[in-house]
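S.K.:
Residue numbers (the numbering used here), protein chains in the order written: chain Y, 57 to 234; chain C, 794 to 980.
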């Protein structure tokens, strides 16, 4: 292998770092998308035997959105291996303990249970807020698009924008707003 | 791939030293024909030596031919190649035609070790476009972007929401109202 070919190989198999903002996103649908980048399925050179997966940095995993009453109904099961060691943790309890855990388990569960799964998971970096260490932040060169637009809260709008918003009706003069 | 290929080295087709691109160099260096003068198992080899060997040596002057009689042994062909490899063919009870066939095979071989071919073709120029890399067809604008970036994060195809449609209608109404007021003032 010549020096040129060697550099070409490094270039083709260079790992790209992607960023994913999990604010207000469904973690289980996002996991499908993140998994493709982790495995390298989005690349034309993909083959199950070649190691072409990318890194994904997930930020704001503390602000994920679950459907319906999933926070109260979804249960995470764990067994220590000892008799009576089974525990059932509700999604909101798990999220209180570790805000990255639901996202991590969602990605782990969409991947096939083969020997590569643990190594692929090592390329996933999850942070509960947008406070990412500088060492990881400087690698990021691409951003994965979110599944749904993030709605803007009323208190995030400037007061002029709120004033300018079209009103259907005015409150009566003697109406008391509570 | 079967079990018999487990210890067979694999590789890609390759001619020794680009042989045949300029001129062809016969890779067979010398061939030793061992046979018995009396044993019946050497009959075909003896016939080959009597009838074809002189022509063979005359046609291919680059190949050294040794003929080695030895008593009461089965005949064999031993070929040595330019790369130092050595091929051995047992010619026990072979007919003359079979011996001709084997000698021709040994003459035309490159002497390279037998390998499992991973591809049946070879090209020096596998792609005209050049190999793909994560950086081809990449928007150069992304080089100067600060991450996380909100516009890169938003989904690309979004249908208009009811709120946006309402705001548009409202804006349109206001425009028409303003223009009609202007007309009134002009009158």
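For glycine and all other residues, C-beta sits at the position ideal for the given N, C-alpha and C.
All values reported here derive from a predicted model rather than from experimental measurement.
Please name the residue, chosen from C/939, C/944 and C/937, that lies closest to residue 201 of chain Y on a Cα-to-Cα basis.
M.R.: When each option's Cα is compared against that of residue 201 of chain Y, the closest is C/944.
S.K.: Could you name the residues of the segment 205-229 of chain Y whose beta carbon sits closer than 7 Å to any beta carbon of chain C, in the order they occur along the chain?
M.R.: Cβ contacts with chain C come from 205 and 222.
S.K.: Residue 873 of chain C lies in the alpha helix (DSSP H); which residues open and close that run?
M.R.: Careful: residue 873 of chain C lies outside any alpha helix (DSSP H), inside the beta strand (DSSP E) at 869-874.
S.K.: State the start and end residues of the unbroken alpha helix (DSSP H) segment that holds residue 163 of chain Y.
M.R.: 157-166 is the span of the alpha helix (DSSP H), which, as asked, contains residue 163 of chain Y.
S.K.: The beta strand (DSSP E) that contains residue 76 of chain Y, what's its start and end?
M.R.: Counting along the chain, the beta strand (DSSP E) containing residue 76 of chain Y begins and ends at 73-77.
S.K.: Would residue 827 of chain C and residue 888 of chain C be called neighbours here (beta carbons separated by less than 8 Å)?
M.R.: Taking 8 Å as the Cβ cut-off, residue 827 of chain C and residue 888 of chain C do not qualify as a contacting pair.
S.K.: What in chain Y is Cβ-close to residue 940 of chain C, meaning under 7 Å?
M.R.: Those are 75, 196 and 199, listed as they occur along chain Y.
S.K.: Is the Cβ of residue 862 of chain C closer than 8 Å to any Cβ of chain Y?
M.R.: Answer no: the Cβ-Cβ gap between residue 862 of chain C and chain Y never drops below 8 Å.
S.K.: Please confirm whether residue 876 of chain C and residue 809 of chain C have their CB atoms less than 8 Å apart.
M.R.: In this structure, residue 809 of chain C lies closer than 8 Å to residue 876 of chain C by Cβ.
S.K.: DSSP on residue 224 of chain Y, reduced to helix/strand/coil?
M.R.: Residue 224 of chain Y: coil per DSSP, three-state reduction.
S.K.: Smallest Cα separation from residue 197 of chain Y: which of Y/64, Y/70 and Y/66?
M.R.: Closest by alpha carbon: Y/70.
S.K.: Could you spell out where the alpha helix (DSSP H) holding residue 841 of chain C opens and where it closes?
M.R.: Taken as a continuous stretch (DSSP letters only), the alpha helix (DSSP H) holding residue 841 of chain C covers 836-844.
S.K.: Can you list, in chain order, the residues of its chain whose CB lies under 8 Å from that of residue 830 of chain C, leaving out five sequence neighbours each side?
M.R.: Excluding positions up to five away in sequence, the list reads 839, 862 and 864.
S.K.: According to DSSP, simplified to helix, strand and coil, what is residue 60 of chain Y?
M.R.: Note: residue 60 of chain Y maps to helix in three-state DSSP.
S.K.: Please list, in chain order, the chain C residues whose beta carbon lies closer than 9 Å to that of residue 203 of chain Y.
M.R.: Those within 9 Å of residue 203 of chain Y in chain C are 948.
S.K.: Report the rounded CA-to-CA distance for residue 934 of chain C versus residue 950 of chain C, giving the unit in angstroms.
M.R.: Rounded to whole angstroms, residue 934 of chain C to residue 950 of chain C spans 20 Å at the Cα level.
S.K.: Residue 74 of chain Y: buried (16+ other C-beta within 10 angstroms of its C-beta) or exposed?
M.R.: Under this definition residue 74 of chain Y is a buried residue.
S.K.: Using a Cβ cut-off of 7 Å, pull out every chain C residue sitting near residue 67 of chain Y, in sequence order please.
M.R.: Residues of chain C passing the Cβ test: 926.
S.K.: Leaving out five residues on either side along the sequence, give the residues of the same chain with a beta carbon under 8 Å from the beta carbon of residue 844 of chain C.
M.R.: Taken in chain order, the residues that qualify are 889.
S.K.: Between the Cα of residue 914 of chain C and those of C/798, C/805, C/801 and C/799, spot the shortest distance and give me the residue it belongs to.
M.R.: The shortest Cα separation from residue 914 of chain C among C/798, C/805, C/801 and C/799 belongs to C/805.
S.K.: Output needed for residue 911 of chain C: all residues of its chain with C-beta closer than 8 Å, excluding positions within five of it in sequence on either side, in chain order.
M.R.: Correct list, in chain order: 803, 804 and 805.
S.K.: Given residue 166 of chain Y, which residues of its chain have a CB within under 7 Å of its CB, disregarding the five upstream and five downstream residues?
M.R.: Excluding sequence neighbours, residue 166 of chain Y sits near 87, 88 and 91.
S.K.: Could you name the residues of the segment 958-975 of chain C whose beta carbon sits closer than 7 Å to any beta carbon of chain Y, in the order they occur along the chain?
M.R.: Hits within the stretch, in order: 959, 960 and 963.
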